[in-house]
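Numbering (this note's numbering), first residue to last: -14 to 379. Glycine included, every Cβ here is placed at the ideal spot set by N, Cα and C. Keep in mind the model is a prediction, meaning the values are calculated, not measured. Just below is one structure, and these are the notes that go with it.
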Amino acid sequence: MSSFNLLELICLLLPIAALSGWYLGKRSQKIGLLSKQGHLSSDYYVGLNFLLNEQTDKAVDAFIRMLDVSPDSVETTVALGNFFRRRGEVDRAIRIHQSLISKPSLTPKQRSQSLLALAQDYIRSGMYDRAELLLLEITNIDGVQLEMSLRLLIDIYEREKDWEKAIQFSVRLQEVTKQSMSKEIAQYYCENAENAWSKGKIKLAFKYLKQGLQQDRHCTRISFLEGNFEKKLGKYQNALQAYKRIEFQDLAFLPEALNLIIECYEQLEQHQALEEYLDYLLHHCPSISIVLAHAEKVKEKQGKGTAAQFLADYMYRHPSVRGLKHLIEFHLSRAAGEIRDDLLMLKSLIEQLVEKKAVYRCSHCGFASRLMHWQCPSCRQWGTVKPIQGVEGE
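Here you go:
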């Protein structure tokens, strides 16, 4: 045990000794059992001695014996167990908190506090079923631990992918805290929609998406899923409407939908409408993905030279690694000899650079990835991972 952790634990235990000593002193005045105070001191110092010698299990036993003497030590007992859980010694935390909830004299508030601590121990050790039972008991006690219990239950249901219960308890958490959980609930409906689609329940999948959009009309994931579902059904006009909605939900995700939008226009053979849409995007919300798509259309109509000049003009004002790679590709077909070799080498270097760079980043914790996650794998927040902007992104 590090010196810092040892000092932290000793500081935690000193108030216990003072409180318990006061309690036993008062008790001994009434019944003349002064020897019990000496017994308390013995347990306390024996526990500290075990702790100093890194005999943690024996120390825990000694402290449990000491803490059992005073009914006023519940909060400190909980804190002692929490200390071991934070250190990763979950088995010891469970022993301490289990010994605490076995006391028949606990008040409802003390019992809910103890149950919450034990539930957190179980969650840390991956025993979600045991934690769920304890947390459900707490939710029947309308006390100060209710909000935390609901949050932990939602966390469990997320991990177990029980989205119906996640929705149920998120709604209850909204009622308790008066804070919106609409963003999270919309994501749960998306999970339900994907599950329903995978089982061939098409109508149910669309129903879940509609319910999710009622919760959060800015949820881009719903539009992506709706567009994907409609496209798989061959309903490209419906898919196009869903994808184009993303521009007004979160502009950062529009480049992600751009190729899907182009595909729908082409499947519908609406080539003029596609050009007009790209022109609109270029003037109202330009990004490197939109510029590259526009450059491809310029290349088809006016050749690579004009497309390269168009892209170079944009790159002069808005430098982009991805744009530079495409600019090199435009020039490669017209280059020869050493110039071509140099361009190929430069293109290879840029591809290696781009290949190693993250594409998405969480705005909450900074987690970066090359893959899109609707729930951040690091902080587990929903809807915080977005495409990176700037020279290396959009």
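One question on the structure: do residue i and residue j come within less than 7 Å of each other, judged by their Cβ atoms?
i	j	result
LYS371	ALA237	yes
PHE295	VAL306	no
LEU120	LEU137	yes
TYR228	ILE246	yes
ASP106	VAL75	yes
HIS203	GLN234	yes
ILE139	PHE154	yes
LEU101	GLN130	yes
ALA292	PHE315	yes
ALA178	LEU210	yes
HIS349	GLN360	no
ILE313	LEU334	no
GLN252	TYR221	yes
Could you spell out where the beta strand (DSSP E) holding residue i opens and where it closes?
i	result
PRO372	370 to 372
ARG346	345 to 347
With DSSP collapsed to three states, give me the class of residue i.
i	result
SER354	strand
GLN164	coil
TRP148	helix
GLN360	strand
ARG12	Its pLDDT being 40, under 50, ARG12 is placed unreliably in this model, and the value from its coordinates should be taken loosely. Three-state DSSP puts ARG12 in a helix.
ARG365	coil
SER155	helix
PRO240	helix
LYS184	coil
HIS311	helix
SER134	helix
HIS269	helix
GLY290	helix
ARG302	helix
In whole angstroms, what is the alpha-carbon distance linking residue i and residue j?
i	j	result
GLY373	ALA353	Reading off the sequence shown, one finds Ile at residue 373, where the question assumed Gly. In a straight line, the C-alpha of ILE373 is about 9 Å away from that of ALA353.
SER208	GLN95	47 Å
GLU260	GLU117	55 Å
THR92	ILE126	11 Å
GLY368	CYS270	21 Å
MET133	PHE68	18 Å
LEU356	GLU254	31 Å
ARG230	PHE191	16 Å
LYS195	LEU218	17 Å
SER363	GLY197	24 Å
TYR299	LYS168	36 Å
GLU122	CYS175	29 Å
LYS146	HIS256	42 Å
THR62	LEU135	23 Å
ALA224	SER110	44 Å
SER97	ALA151	22 Å
ALA258	PHE214	23 Å
GLU323	MET330	11 Å
THR205	GLU285	31 Å
HIS24	LEU103	Its pLDDT being 43, under 50, HIS24 is placed unreliably by the model, and the measurement read from it follows with that caveat. Spanning the two alpha carbons is a distance of roughly 28 Å.
PRO304	ALA297	9 Å
GLU160	MET166	10 Å
ARG72	CYS347	27 Å
Below 8 Å on the Cβ atoms is my guess for residue i versus residue j; work out the distance and round it to an integer in Å.
i	j	result
ALA64	ARG70	That belief does not hold up - the Cβ atoms of ALA64 and ARG70 are roughly 11 Å apart, past 8 Å.
GLU232	LEU239	5 Å
TYR193	ALA181	6 Å
SER99	ILE86	5 Å
ILE273	LEU243	The pair is not a contact, with the Cβ atoms about 11 Å apart (cut-off 8 Å).
ARG157	TYR113	Contact flag wrong, Cβ pair sits at about 19 Å.
LYS310	VAL344	Incorrect: roughly 14 Å between the Cβ atoms, too far for contact.
LYS289	ARG319	7 Å
Would you kindly report the start and end of the unbroken alpha helix (DSSP H) that includes residue i?
i	result
ARG80	75 to 86
GLN200	187 to 200
GLU254	Element bounds for GLU254: n/a, residue is neither H nor E.
LEU381	Outside the displayed range of the chain (-14 to 379) lies residue 381, so it cannot be described from this structure.
ILE231	231 to 234
PHE214	205 to 217
GLY322	322 to 341
HIS279	273 to 287
GLY66	59 to 71
ARG115	113 to 124
Does the Cβ of residue i lie closer than 6 Å to at least one heavy atom of the ligand NAD?
i	result
LYS310	Absent from the structure shown: the ligand NAD. Ligands present: none.
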